[in-house]
Each structure stands twice: as structure tokens, then as C-alpha cells.
């Protein structure tokens, strides 16, 4: 799948040092750096700077403290800053696709379509022999959101090449753990709730958000915690059933889970879903020797989005 063009800022920068992702959350700033050596990525940095508020000056201080080299910089929008919508692909020439999509989604936006930045992500159904009509994901963010993000980073003296979304970041991680021709469900929990993606051969087929945060899954009240766990199970089962109906030609053979191991979520889901649920072990898909914290499941839960953003991998043009 081609990376979304929508978030490209078109700044020229060095490819040799890979990507540096700088991601802002409610708790502070995560930074990760990755580069590919052959097909296997190496993670040279993954750090977290706790901040009560992220401003241009605090972000610039983080940049200096992290001693960030000249590289291609990327960031992620937060879940409330964009919309990801699955729509039927319009029967139009490729060069008219985005215009047609704008008309399809205009009534779903809380702002005028002329104030929106739009991109599309193809779902390559026909490649896998399915008889389902062609669909795609439309991604929309307000121009003002994009402008504010670029301005914040420019003031911090960070020149962005790309602004991405968490679904694609998680896809980047999942792609390193797939089995050829089989679907991989990946479920991750962090500050912004849960995110379930189903990928196959590096392509994103399904993305669903679960409005349950890592903090809620760790709630001290056992009854509340059980209610959240039951909701997770229900939402995952519904998503798997939907995927099976829509993409029955792609078997999903396991779920990869990113959450603190202490929750025991993997055992509960394995028992109740009838699918193997494996804890994410990053060392199986990438070199993490430079960042020993990436062996800690709780650290990884919060760092996964920034790590996925840094794993952005673009094929060289012919």
C-alpha cells in the first residue's frame, strides 16, 4: 500500500538516518527513531518526555534534549483530530477519485468540505480473489488542524516531512509480524483507547477504535475493570465477525496484543474468542538492542504509536 499522500509536507531530508517520529499525547512527547537495514528495522531511539502541556518552547527544548539528528520527521494526529471512513469506491478515473470522495463524505464532516484535507487508502480486495465491491478508506482532517500542527513544529524548529495517523502507524508494526496470505489482527491499548487493525501482506483492511483506555483496564474497582474487559471481548468479536463476512477469503489466524502483560488480557481473549492471542514481542520483528525499555510491555503500550510512525517504509521509485 502506498503511504497516504495527504499528510506529506514535502520537506527534503536525509534518508540515511531513517525516520524520527515525534508524537504528542496528553501525558507529554514520545520520540522514536528507526531505519531499515534490508527488510529488518533497527530502533535507535524511543524515549518519553512527560509534560503537562506541549507548547512550541517545550517542544523545542525536547528536540534539543533528545539531540535529534537531521532526518525525516513525522508525527501523528490524535484520534479526535481526523476521521477515517470506509466508503464504496466511486466508479471514476484515478485522477478524479479524491474529488468524488469529497462529495461522498461532505455530509459526514463537522466542517465545510472546502476546509478539509482529504486522502484515500485503497483496500486491495481484488488482489485476494474476493467478490466484494471495491472499498477504500477516506481520511479527512480540517485544514486548520494541519496548519496548527505544522506551525507548532516549525516554531520548535522541527521540519515535518509527513503527518500520519495512528491506524497506519499500527499497520507498520503489524506488517513485521504477518504470515504471508493470512490476516493478522492487532489490538493495542494506550492513552487514546484501544485500536484494532486487521492487515494482510502489509495492507490495512480494517481499523476499529475501542473507547476503552489503558487506564480503565487497570481500574482499581474490580467490577468496573471486568465490565471494560467484557466490552473489549464483545467489540473484538464483532469486528472479527464483520471481517469474516466482508473478507472471508482472508483467514485471520491470530491476534497480536499490545497491553501490559499484568492485565492477563491475552489469556482472557484466547479463552473467549477461540483464536490464539499472543503478546507483542517487538524483538521478533525488529532490532531493539539499543532501547532495552522496548522489552517492557507497559512501556511499549504507550510507545507503540510513535514506534509505528517511525517505522514508515516507502518503496523506492523505479
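In our numbering, the protein residues as written are 11 to 328. Each residue gets a CB set at the ideal place from its N, CA and C atoms; glycine is no exception.
Exposed unless 16 or more other CB atoms sit within 10 angstroms - verdict on residue i
{"i": "residue 312", "result": "buried"}
{"i": "residue 40", "result": "buried"}
{"i": "residue 249", "result": "buried"}
{"i": "residue 35", "result": "buried"}
{"i": "residue 217", "result": "buried"}
{"i": "residue 113", "result": "exposed"}
{"i": "residue 174", "result": "buried"}
{"i": "residue 198", "result": "buried"}
{"i": "residue 305", "result": "exposed"}
{"i": "residue 276", "result": "buried"}
{"i": "residue 326", "result": "Only weak support is given to the placement of residue 326: the predicted model assigns it a pLDDT of 41, under 50, and the question is left unresolved by the model."}
{"i": "residue 224", "result": "buried"}
{"i": "residue 155", "result": "buried"}
{"i": "residue 172", "result": "buried"}
{"i": "residue 328", "result": "At residue 328, the pLDDT of 25 sits below 50, so the modelled position is not reliable; the number obtained from the coordinates is stated separately. Exposed is the call here."}
{"i": "residue 234", "result": "exposed"}
{"i": "residue 12", "result": "With a pLDDT of 38 at residue 12, under the threshold of 50, the modelled position of that residue is not reliable, and the figure given next carries that caveat. Exposed, because fewer than 16 other Cβ atoms sit within 10 Å of the Cβ of residue 12."}
Neighbourhood of residue i by C-beta, 8 Å cutoff - its chain only, sequence neighbours within 5 removed
{"i": "residue 273", "result": "227 and 228"}
{"i": "residue 108", "result": "128, 129 and 130"}
{"i": "residue 15", "result": "Bear in mind that the predicted position of residue 15 carries a pLDDT of just 46, short of 50, making it too unreliable to give a figure here."}
{"i": "residue 133", "result": "96, 144, 145, 146, 147, 213, 214 and 215"}
{"i": "residue 55", "result": "30, 41, 42, 43, 76, 300 and 301"}
{"i": "residue 288", "result": "264, 265, 266, 267 and 276"}
{"i": "residue 241", "result": "220 and 222"}
Nearest to residue i (by Cα), restricted to the options the options
{"i": "residue 167", "options": "224, 72 and 220", "result": "72"}
{"i": "residue 127", "options": "268, 117, 157 and 100", "result": "157"}
{"i": "residue 37", "options": "59, 44 and 45", "result": "59"}
{"i": "residue 283", "options": "291, 80 and 265", "result": "265"}
{"i": "residue 286", "options": "163, 193 and 76", "result": "193"}
{"i": "residue 279", "options": "28, 233, 195 and 254", "result": "195"}
{"i": "residue 243", "options": "82, 204 and 83", "result": "204"}
{"i": "residue 119", "options": "94, 76, 54 and 275", "result": "94"}
{"i": "residue 259", "options": "115, 236, 160 and 191", "result": "191"}
{"i": "residue 48", "options": "28, 42 and 55", "result": "28"}
{"i": "residue 238", "options": "79, 247 and 222", "result": "222"}
{"i": "residue 98", "options": "83, 115 and 105", "result": "115"}
{"i": "residue 162", "options": "70, 294, 106 and 292", "result": "70"}
{"i": "residue 83", "options": "160, 288, 106 and 124", "result": "160"}
Cβ separation of residue i and residue j, assumed to be a contact under 8 Å, to the nearest whole Å
{"i": "residue 85", "j": "residue 170", "result": "6 Å"}
{"i": "residue 89", "j": "residue 202", "result": "5 Å"}
{"i": "residue 130", "j": "residue 148", "result": "6 Å"}
{"i": "residue 152", "j": "residue 121", "result": "5 Å"}
{"i": "residue 323", "j": "residue 46", "result": "6 Å"}
{"i": "residue 320", "j": "residue 110", "result": "Wrong, their Cβ atoms sit about 33 Å apart, outside the cutoff."}
{"i": "residue 81", "j": "residue 57", "result": "That belief does not hold up - the Cβ atoms of residue 81 and residue 57 are roughly 15 Å apart, past 8 Å."}
{"i": "residue 189", "j": "residue 101", "result": "That pair is no contact at about 34 Å."}
Close beta carbons around residue i, own chain, < 7 Å, minus the five adjacent residues each side
{"i": "residue 308", "result": "270"}
{"i": "residue 315", "result": "33, 86, 176, 179 and 200"}
{"i": "residue 290", "result": "266, 267, 268 and 310"}
{"i": "residue 181", "result": "207, 209 and 214"}
{"i": "residue 61", "result": "38, 39 and 68"}
{"i": "residue 261", "result": "192 and 193"}
{"i": "residue 79", "result": "27"}
{"i": "residue 104", "result": "none"}
{"i": "residue 292", "result": "298, 304 and 310"}
Same chain, Cβ closer than 6 Å to residue i, five either side skipped, listed in chain order
{"i": "residue 51", "result": "44, 296 and 321"}
{"i": "residue 208", "result": "193, 195, 215, 216 and 253"}
{"i": "residue 303", "result": "309"}
{"i": "residue 318", "result": "179, 180, 182 and 183"}
{"i": "residue 165", "result": "66"}
{"i": "residue 123", "result": "112 and 116"}
Would the stretch 294-311 and the stretch 64-74 be scored as touching if the rule is three or more Cβ pairs under 8 Å? No, the stretch 294-311 does not touch the stretch 64-74.
State whether the stretch 199-216 contacts the stretch 174-186, with contact taken as three or more CB pairs (one from each stretch) at a distance under 8 Å. Flag = yes, the stretch 199-216 and the stretch 174-186 touch.
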